[in-house]
Amino acid sequence: MDLSLSGTTLLVIMLSILFIVWFFKRDQPHKGRLPPGPLAWPIVGNLFQMDLRAPHKTLIKLNEQYGPVYTFWFSGYPAVVVCGAEAVKEALIDHGNEFSGRYLFPVFKSMSNGYGIGFSNGERWRQLRRFTLSTMRNFGMGKNSEEQILEESQHLIAYFRNKKGRPFRADFPLRCISANIICSIIFGERFNYDNKNFHKLIQMVTEIFLTLSSPWTQLYNNFPRIMNLLPGSNQKFFQSVANLKSFLNKTIQSHKESLQKDFFRDYIDSFLLKMDEDKSGINSEFILENLLLSTFNLLLAGIETVSTTQLWFLQILAKYPEIQEKILCEIDMVIGSNRRPAIEDRAKMPYTDAFIHEVQRYIDIVPMNIPHMTTSDVEFRGYLIPKGTFVIPLLTSVLKDANHWETPESFNPNHFLDENGCFKKSTNFMAFSAGKRTCVGEALSRMQFFLILTSLLQNFVFTSVIDREDIDISPVTSSFLVAPRVYEICAVARKSDLEHLMNVSN
904 MDLSLSGTTL LVIMLSILFI VWFFKRDQPH KGRLPPGPLA WPIVGNLFQM DLRAPHKTLI
964 KLNEQYGPVY TFWFSGYPAV VVCGAEAVKE ALIDHGNEFS GRYLFPVFKS MSNGYGIGFS
1024 NGERWRQLRR FTLSTMRNFG MGKNSEEQIL EESQHLIAYF RNKKGRPFRA DFPLRCISAN
1084 IICSIIFGER FNYDNKNFHK LIQMVTEIFL TLSSPWTQLY NNFPRIMNLL PGSNQKFFQS
1144 VANLKSFLNK TIQSHKESLQ KDFFRDYIDS FLLKMDEDKS GINSEFILEN LLLSTFNLLL
1204 AGIETVSTTQ LWFLQILAKY PEIQEKILCE IDMVIGSNRR PAIEDRAKMP YTDAFIHEVQ
1264 RYIDIVPMNI PHMTTSDVEF RGYLIPKGTF VIPLLTSVLK DANHWETPES FNPNHFLDEN
1324 GCFKKSTNFM AFSAGKRTCV GEALSRMQFF LILTSLLQNF VFTSVIDRED IDISPVTSSF
1384 LVAPRVYEIC AVARKSDLEH LMNVSN
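If you're matching positions, the sequence shown starts at 904 in the working numbering and goes up one per residue.
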């Protein structure tokens, strides 16, 4: 009797086994009552239905068919997608505790292994978040931080002024100012814009985000074992991660060698001293691995998301000179040209504040949010979502919700102004997410946006080298972080007379 099996038979057997494994794995979460969704294929789930370059657009489209809560399968595991302002607020705020977990995609697990403030859970996350918020208040907010941002703005102004009105790309200097502000908070140091090590640091961060925002991320998260065997983006991405961690480890070691117990220089010092205080604590999370990954998380978020938003500011101003003119007039009336801006000026400058908010709403910088996870079984809108379920609170569905914004797909500062021209808050503004996992750097980012923008517009008018009608400000599709198309701009030194302001709009 011939017991040998043909290649076709082996393939059928292997696929059958994989299907059985997938079926039972798929069936496990249904101890709860997950919401319905599109039919998923064995092994690959709904992968073939997804636009890998803009997955949030796929999820928005499915919302039209399945409603505000549905299930979408990423390979062998389900995600509960939450769409629309009401549903997202209900999940993140009304059920804040239950939806406060951080789901570790394979790419994030490879980066952090669950350490650090960005991708930890449970007691580890609670300890790190309390500490980081407290430390950010000491080093990242308040009058000292305001002065630091304004001083750093002077270096940016000098860089722009040296261009003498000639065209240049603003993405690099904007990364420099964002990097110096967060570096000053994390390890008490700023760098000259021409420092080679500084360039390497910025390049590492940029490369990490470029890869995270590419289709590679979706493929890696679905098939990590297969992707690890392939050459290309994998090696480059994880090498950039390793290089950045090496840089931070050296910085931490240097701080350990020069640490003074009665003097806190920065976030790393504060963490090291907390480690020393808690070294006998059995359940303390103040360990080197959490210090390394927390600084890693803060550096990534503090450089790329802030600088990208500020690049949008300048390119939108170049496209809409009439909007720029209104902000310039507001700056002249409230601040003038003889003193630096102050954060308290923001309350007297409703149009400028509305512009900043509308840029954040319109660009929708992290449309799919950072992955959430249920921390316990939770009843939500008639479904029982089990503990540990991957949840996508779709921020783009809030920031572009047609039920709450007059022109959701168009840039319109009037979204944040009332009929009297006063600034109008909106509970549907979730650029920093909402609930328990709101961005820890929100207050610092808001301060940076206002002070840097007004400092620049005190000194320059921003124009484009191409016709403003040709400037495309529609967000570039992305699987993680949405970036603008980068155009060369001109920073033209301002004249003090009103005639120049009128000429800007012509």
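Here a beta-carbon is modelled for each residue, glycine too, at the ideal position from N, C-alpha and C.
Taking G1091 as the centre and dropping the five residues before and after it, the same chain places the C-beta of R1168, D1169 closer than 6 angstroms to its C-beta, in chain order. By alpha-carbon distance to P1134, the top candidate from I1111, T1277, W1119 is W1119. Counting C-beta pairs with one atom in each stretch, the segment 1286 to 1301 and the segment 1324 to 1339 have three or more that are closer than 8 angstroms, which means they touch.
L1360 counts as buried, since no fewer than 16 other beta carbons sit within 10 angstroms of its beta carbon. Residue nearest to Y1223 within the set S1187, D1375, L1175 is D1375 (criterion: CA-CA distance).
With fewer than 16 other CB atoms across the displayed protein chains lying within 10 angstroms of its CB, V1368 is exposed.
Where I1295 is concerned, the enclosing beta strand (DSSP E) starts and stops at 1293 to 1296. F1002 and E1192 have their C-alpha atoms some 25 angstroms from each other.
Only buried fits C1079, as 16 or more other CB atoms lie within 10 angstroms of its CB. Relative to the Cα of F1189, the nearest Cα in the group W1028, D954, T1330 belongs to W1028. Nearest neighbour of T1154 by Cα position, chosen from F1141, L1122, T1198, turns out to be T1198. With contact defined as three or more Cβ pairs closer than 8 angstroms, the segment 976 to 992 and the segment 1284 to 1292 are in contact. Here V1269 carries a coil assignment [DSSP, helix/strand/coil]. Around the beta carbon of K1303, a 10 Å sphere encloses 16 or more other beta carbons of the protein chains shown; the residue is thus reported as buried.
Secondary structure in the segment 1320 to 1371: the alpha helix (DSSP H) runs of 4 residues or longer, each lying completely within the stretch, are 1345 to 1362 in chain order. Selection N1331, S1081, N1272 evaluated against F1383 yields N1272 as nearest (Cα-Cα). Counted as a single uninterrupted DSSP element, the alpha helix (DSSP H) harbouring W1215 occupies residues 1209 to 1222. For S1279, same chain residues with a beta-carbon under 6 angstroms away, outside a window of 5 residues either side, are E1001, K1290 in chain order. C1393 is bridged by DSSP to T1366.
If you compare the alpha carbons of E1312, F1332, V1389, Y1254 with that of N1323, the shortest gap goes to Y1254. Secondary structure of V1385 (DSSP, three-state): coil. At the C-beta level, G1205 and I1085 come within 8 angstroms of one another.
With respect to the 8 angstroms criterion, K1327 and F1314 are not classified as neighbours on the basis of their beta carbons.
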